[in-house]
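**Student:** Listed in order, the protein sequences are those of chains E and P. FYI, this note's numbering numbers position 158 of the first sequence as 163, with every residue one higher than the one before it. FYI, this note's numbering numbers position 145 of the second sequence as 150, with every residue one higher than the one before it. We put the CB at the ideal spot given by N, CA and C, even for glycine. Only a predicted model underlies this, so the values are computations on that prediction, with no experimental measurement involved.
2 protein chains.
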Amino acid sequence: MSASLSSIDTPALLLEPGRMDANIARMRTHLAALGVQMRPHVKTSKSIDATRRLFDNGTGSITVSTLREARYFFEHGLTDILYGVAIAPNRFAQAAELIRAGARLKLVLDSAETAALLADYARTHAQSFDVLLEIDCDGHRSGLPPTSPLIVEIARTLRAGGIDVQGVMTHAGNSYDSRSTDDILRYARQERDAVVVAAQGLRDAGFAAPIVSVGSTPTALFADDLTGVTEVRAGVFVFFDLVMAGLGVCRQTDIAVSVLTSVIGHQPEKGWTIVDAGWMALSRDRGTAAQAVDQGYGVVCDVDGKPLDDLIVIGANQEHGIVARRDHATQHAHGPHLPVGTPLRILPNHACATSAQHAGYHVLDGQRVTDYWPRISGW
Amino acid sequence: MSASLSSIDTPALLLEPGRMDANIARMRTHLAALGVQMRPHVKTSKSIDATRRLFDNGTGSITVSTLREARYFFEHGLTDILYGVAIAPNRFAQAAELIRAGARLKLVLDSAETAALLADYARTHAQSFDVLLEIDCDGHRSGLPPTSPLIVEIARTLRAGGIDVQGVMTHAGNSYDSRSTDDILRYARQERDAVVVAAQGLRDAGFAAPIVSVGSTPTALFADDLTGVTEVRAGVFVFFDLVMAGLGVCRQTDIAVSVLTSVIGHQPEKGWTIVDAGWMALSRDRGTAAQAVDQGYGVVCDVDGKPLDDLIVIGANQEHGIVARRDHATQHAHGPHLPVGTPLRILPNHACATSAQHAGYHVLDGQRVTDYWPRISGW
């Protein structure tokens, strides 16, 4: 297929594969220099086409956020899959089914309750599982403290069910709130130290723990030493977004996804341009709100992707976006007149959230749409 | 079909049809007493099954937020459709196609530029359109000021293209920010006055303007006099949500949709329960953040729908929700221990946004799921 951008109904999600490939190359080069494997998180793209571009031969180890993703990527030939969310007891049977079908599925848990239930399930169903224990490196969400005695206790509970713990994993979620690249480096070291200490605790107690897994895009790109870590699970680097640009992790010109929109009206007295991308197309994510530069619901670019005169989306209803100058609140500053029908592109705050509002990617080659890559959704 | 709630994979969107029917009956009774027609906005449910329940005989006049919705509902037999977002020039051909297929489609615009382009299109293609002019009643988004000379000027531009303006419409979006039901009543009067004045201006200039359309759930339910108004386009009342409950427009027990989730872990020192409903299942909507009671990402209920001990979702990542007591910030207040696997239900801040994260509704009869109603999505 090849179609002009003007023939695409708006709003629509656009993807620039050249930018994506450069982002992937940057991460691969950096991690190769640190001597660790990449296990990218495919929850950002949820696309088999984008995921194949992560690997030399189109396949490799991945991380997923749902068992729906696990099934989908397994059906497309990717077998080494880490399901990165603590397994719920009501999903044991689904996980077992994937493993019996041939997936090298790795489950995560951080709960003695879950471990006991999984060990029971494994015994009852004569079904083994590969399990990583989730470690908390920064207090942002889930995981066991790195030196918690529960780590070895849970590993023993699992072993009693015939499950040998494969290692530990953590996610430095707080790195998204960094104020400087020095902050990010500190989070990267903290993330590494947490899993290395936890893995050592397991080994001291007689568990091999071959996998030591970390992962967030900021820490992956700013880590200077990952000794003791075996793999990195970053995800959003594939596309990047305004939150990452605000952290200094990428430039706005690295952002590979944008939302194509059309001008549908104006409020001239206010300097507002109304577009047909509201929160349904952009998502409600306001990840830049707490950063030094608040980008509203996204940075407004011309149809070639060039940022326009300090314009951002200052407000969003379901199918309406309000475009205005970033300084709208403090002065009566009008932007350029953009006639109705003008196509614009919006850079997203959060690539995972914005992409999730769309069924797929219109893949660009310059101003031509040359492919469509579907996304999966749901659970 | 009939399945127990425990057999549904989580997270999942649940719908209580009894509550929905009561919400619909309340709106119908109120509007009937005021002597106006209902043209419900189906962007909330995006479901033909839910939409049929709005009408005695399963069909009636509707409002949509995308032409995708217009096509879908037209294919299901609903022909009188108001497309409530200003028409973009790149969508004229799609609109014309629907009209030629038999839809009584009504378009909206507020721009002299769009009017000139539509008049040109109508002449060139010998295709008439039904058009309403959008009026701005509160400065929140789009629309012309009610006494703007542009209203008549645009009507004349359209007439020159063979298009007779059918009337005016407005949406009191600011009513969502009301602080009291007195505020809502004031917004309702302001909304009515804006369109009645604008319609009179058109009639004085020789345009019949038979349609005078208002619509927001708060103003629709608190309006005490809609003299001069012919129809009301409310939408979210079908399901209601925490934003509406916070405004005093409904009770929490009227909310007809919720997200079923499972407990997947704990951070006992913090009093946190981790669930498998993150922003992917709940949306990033934080509509209650500016209300008197901030409900986080939603109110946590037991599996029967009864709110639990002041628990809310205080944080959300893509597939993780963090459940804690509402007062977590100010005291070390632990909630009940909810074992892993416990099913919970989350009431949404914003029914339109949360429902949009799901492919359909699991329809409840008590604790049994007796039906599945698909949603449409995209553009």
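1) Identify, in the order they occur along the chain, each residue of the same chain with its Cβ nearer than 7 angstroms to the Cβ of V241 (chain E), setting aside the five sequence neighbours on each side.
2) Tell me whether the beta-carbon of L137 (chain E) lies closer than 8 angstroms to the beta-carbon of V173 (chain E).
3) A203 (chain E) to T175 (chain E), Cα distance in whole Å?
4) Hey, quick one: how far does the beta strand (DSSP E) through E80 (chain E) stretch, first residue to last?
5) So what does H176 (chain P) bridge to, in DSSP terms?
6) Which bits of chain E does C357 (chain P) rub up against, with CB to CB less than 8 angstroms?
7) So if I threshold CB-CB distances at 7 angstroms, which residues from the region 85-103 of chain P count as touching chain E?
8) How many whole angstroms separate the CB atoms of V41 (chain P) and V237 (chain P), which I take to be in contact at a CB cut-off of 8 angstroms?
9) What are the boundary residues of the alpha helix (DSSP H) that includes Y377 (chain E)?
10) Please compile the residues from chain E whose C-beta is within a distance smaller than 9 angstroms of the C-beta of G346 (chain P).
11) I believe R291 (chain E) touches N354 (chain E) by the beta-carbon criterion, under 8 angstroms. Please report the beta-carbon distance rounded to the nearest angstrom.
12) Please go through the region 279-362 of chain E and give each complete beta strand (DSSP E) segment of 3 or more residues, from N-terminal end onward.
13) Strictly by DSSP, which residues pair up with V268 (chain P)?
14) Mind checking V298 (chain P): buried by the 16 CB within 10 Å criterion, or exposed?
15) Across which residues does DSSP place H367 (chain P) in a beta bridge pair?
16) Quick one: does T15 (chain E) have its CB under 8 angstroms from some CB of chain P?
17) Can you find at least 3 beta carbon pairs, one from the region 25-45 of chain P and one from the region 259-271 of chain P, that sit closer than 8 angstroms?
18) Drop a sphere of 10 angstroms on the beta-carbon of A100 (chain E), count the other beta-carbons inside from all chains shown, and report buried for 16 or more, exposed for fewer.
19) Counting Cβ pairs, one atom from each stretch, are 3 or more of them under 8 angstroms apart for the region 75-82 of chain E and the region 268-276 of chain E?
20) Using only CA atoms, which one of E:L349, E:Y181, E:I156 lies nearest to V200 (chain E)?
21) Counting only C-beta atoms, is T71 (chain P) closer than 8 angstroms to chain E at any point?
22) Considering only their Cβ atoms, is the gap separating D135 (chain P) from K111 (chain P) smaller than 8 angstroms?
23) Is the shortest distance between the beta-carbon of A199 (chain E) and the beta-carbons of chain P less than 8 angstroms?
24) Measuring straight from C-alpha to C-alpha, what distance separates I13 (chain E) and A294 (chain P)?
25) Can you confirm whether H367 (chain P), when its beta carbon is compared against all beta carbons of chain E, has any partner nearer than 8 angstroms?
26) Who are the Cβ neighbours of E158 (chain E) in its own chain at under 8 angstroms, not counting the five residues just before and after it?
27) Measure the C-alpha to C-alpha separation of M32 (chain P) and T258 (chain P) and round it to an integer number of angstroms.
28) Assuming D280 (chain E) and V345 (chain E) make a contact with CB atoms under 8 angstroms, what is their CB distance in whole Å?
29) Within 8 angstroms (strictly less), CB to CB, does K51 (chain E) reach chain P?
30) Taking Cβ-Cβ distances shorter than 8 angstroms, what residues in chain E pair up with K48 (chain P)?
31) List the residues of chain C that A361 (chain P) touches, going by C-beta distances under 7 angstroms, in chain order.
32) In this structure, does DSSP put I67 (chain E) in helix, strand or coil?
33) What is the rounded straight-line gap between the Cα of S7 (chain E) and the Cα of Q171 (chain P)?
34) I want to see whether chain E comes within less than 8 angstroms of A364 (chain P), judged by CB atoms only; does it?
35) Figure out for me which residue from E:L39, E:A55, E:P16 has the closest Cα to the Cα of I29 (chain E).
36) For the pair the region 163-170 of chain E and the region 120-133 of chain E, tell me if three or more CB-CB distances fall below 8 angstroms.
**Tutor:** Concretely, from the data shown:
1) Indexing the first sequence from 1 puts residue 241 (chain E) at position 236. For V241 (chain E), where only same-chain residues beyond five positions count, the Cβ hits under 7 angstroms are T49, T222, M249, A356, C357.
2) To locate residue 137 (chain E), count along the first sequence from 1; it is residue 132. To locate residue 173 (chain E), count along the first sequence from 1; it is residue 168. Taking 8 angstroms as the Cβ cut-off, L137 (chain E) and V173 (chain E) qualify as a contacting pair.
3) Locating residue 203 (chain E) in the first sequence gives position 198, counting from the first residue. Locating residue 175 (chain E) in the first sequence gives position 170, counting from the first residue. Distance between the alpha carbons of A203 (chain E) and T175 (chain E) is about 10 angstroms.
4) Within the first sequence, numbered from 1, the residue matching residue 80 (chain E) stands at position 75. Careful: E80 (chain E) lies outside any beta strand (DSSP E), inside the alpha helix (DSSP H) at 72-80.
5) Residue 176 (chain P) sits at position 171 when you count from the first residue of the second sequence. Per DSSP, none; premise fails for H176 (chain P).
6) The sequence position of residue 357 (chain P) within the second sequence is 352, counting from 1. Going along chain E in sequence order, the residues near C357 (chain P) (Cβ under 8 angstroms) are Q323.
7) V90, A91, A93, P94, N95
8) As a first step, residue 41 (chain P) must be located in the second sequence, where it is residue number 36. As a first step, residue 237 (chain P) must be located in the second sequence, where it is residue number 232. Indeed they touch by this definition, with Cβ atoms about 5 angstroms apart.
9) Numbered from its first residue, the first sequence carries residue 377 (chain E) at position 372. Element bounds for Y377 (chain E): not the alpha helix (DSSP H) but the beta strand (DSSP E), 373-379.
10) The sequence position of residue 346 (chain P) within the second sequence is 341, counting from 1. Neighbours of G346 (chain P) on chain E, chain order: A93, P94, N95, E118, T119, L122.
11) On the first sequence, residue 291 (chain E) is found 286 positions in, with the first residue counted as 1. On the first sequence, residue 354 (chain E) is found 349 positions in, with the first residue counted as 1. Going by Cβ atoms, the distance from R291 (chain E) to N354 (chain E) rounds to 6 angstroms, so yes, they are a contact pair.
12) 304-306, 312-321, 326-330, 348-352
13) Within the second sequence, the letter at position 263 stands for residue 268 (chain P). DSSP lists P:V280 as partners of V268 (chain P).
14) Stepping through the second sequence from its first residue, residue 298 (chain P) is reached at position 293. With fewer than 16 other Cβ atoms within 10 Å, it is exposed.
15) Walking along the second sequence from the start, residue 367 (chain P) turns up at place 362. The partner list for H367 (chain P) (beta bridge, DSSP) reads P:L19, P:Y377.
16) As a working note, residue 15 (chain E) is residue 10 in the first sequence. Closer than 8 angstroms to some Cβ of chain P, the Cβ of T15 (chain E) qualifies, so yes.
17) yes
18) Your numbering for residue 100 (chain E) matches position 95 in the first sequence. It counts as buried.
19) no
20) Taking the first residue of the first sequence as position 1, residue 200 (chain E) is located at position 195. Of the listed residues, the one whose Cα sits closest to V200 (chain E) is E:I156.
21) Translated into positions along the second sequence, residue 71 (chain P) becomes position 66. Cβ-Cβ to chain E under 8 angstroms: yes for T71 (chain P).
22) Locating residue 111 (chain P) in the second sequence gives position 106, counting from the first residue. Locating residue 135 (chain P) in the second sequence gives position 130, counting from the first residue. Yes, Cβ-Cβ distance for K111 (chain P) and D135 (chain P) is below 8 angstroms.
23) For the purposes of this step, residue 199 (chain E) is taken as residue 194 along the first sequence, with counting starting at 1. No, A199 (chain E) lies away from the interface with chain P (no Cβ there is under 8 angstroms from its Cβ).
24) By one-based count along the first sequence, residue 13 (chain E) stands at place 8. By one-based count along the second sequence, residue 294 (chain P) stands at place 289. Each residue's alpha carbon lies about 36 angstroms from the other.
25) Numbered from its first residue, the second sequence carries residue 367 (chain P) at position 362. Output row for H367 (chain P): interface = no.
26) Counted from its first residue, the first sequence places residue 158 (chain E) at position 153. Result list for E158 (chain E): A117, in chain order.
27) Within the second sequence, numbered from 1, the residue matching residue 32 (chain P) stands at position 27. Within the second sequence, numbered from 1, the residue matching residue 258 (chain P) stands at position 253. Spanning the two alpha carbons is a distance of roughly 16 angstroms.
28) In the first sequence, counting from the first residue as 1, residue 280 (chain E) sits at position 275. In the first sequence, counting from the first residue as 1, residue 345 (chain E) sits at position 340. In the sequence as displayed, the identity of residue 280 (chain E) is Val instead of Asp. Between V345 (chain E) and V280 (chain E) the Cβ distance is about 10 angstroms, and since that is not below 8 angstroms, they are no contact.
29) Within the first sequence, numbered from 1, the residue matching residue 51 (chain E) stands at position 46. So, not an interface residue.
30) In the second sequence, the residue the question calls residue 48 (chain P) occupies position 43. Chain E residues near K48 (chain P): Q323, E324.
31) No chain C is present in this structure, whose protein chains are E and P.
32) As a working note, residue 67 (chain E) is residue 62 in the first sequence. Looking at I67 (chain E) - three-state DSSP - the assignment turns out to be strand.
33) Indexing the first sequence from 1 puts residue 7 (chain E) at position 2. Indexing the second sequence from 1 puts residue 171 (chain P) at position 166. Near 40 angstroms, if we compare the C-alpha coordinates of Q171 (chain P) and S7 (chain E).
34) Residue numbering aside, residue 364 (chain P) sits at position 359 when the second sequence is read from its first letter. Taking Cβ atoms only, chain E reaches closer than 8 angstroms to A364 (chain P), which makes this a yes.
35) Here the question's residue 29 (chain E) lines up with position 24 in the first sequence. If we check each option's Cα against that of I29 (chain E), E:A55 comes out closest.
36) yes
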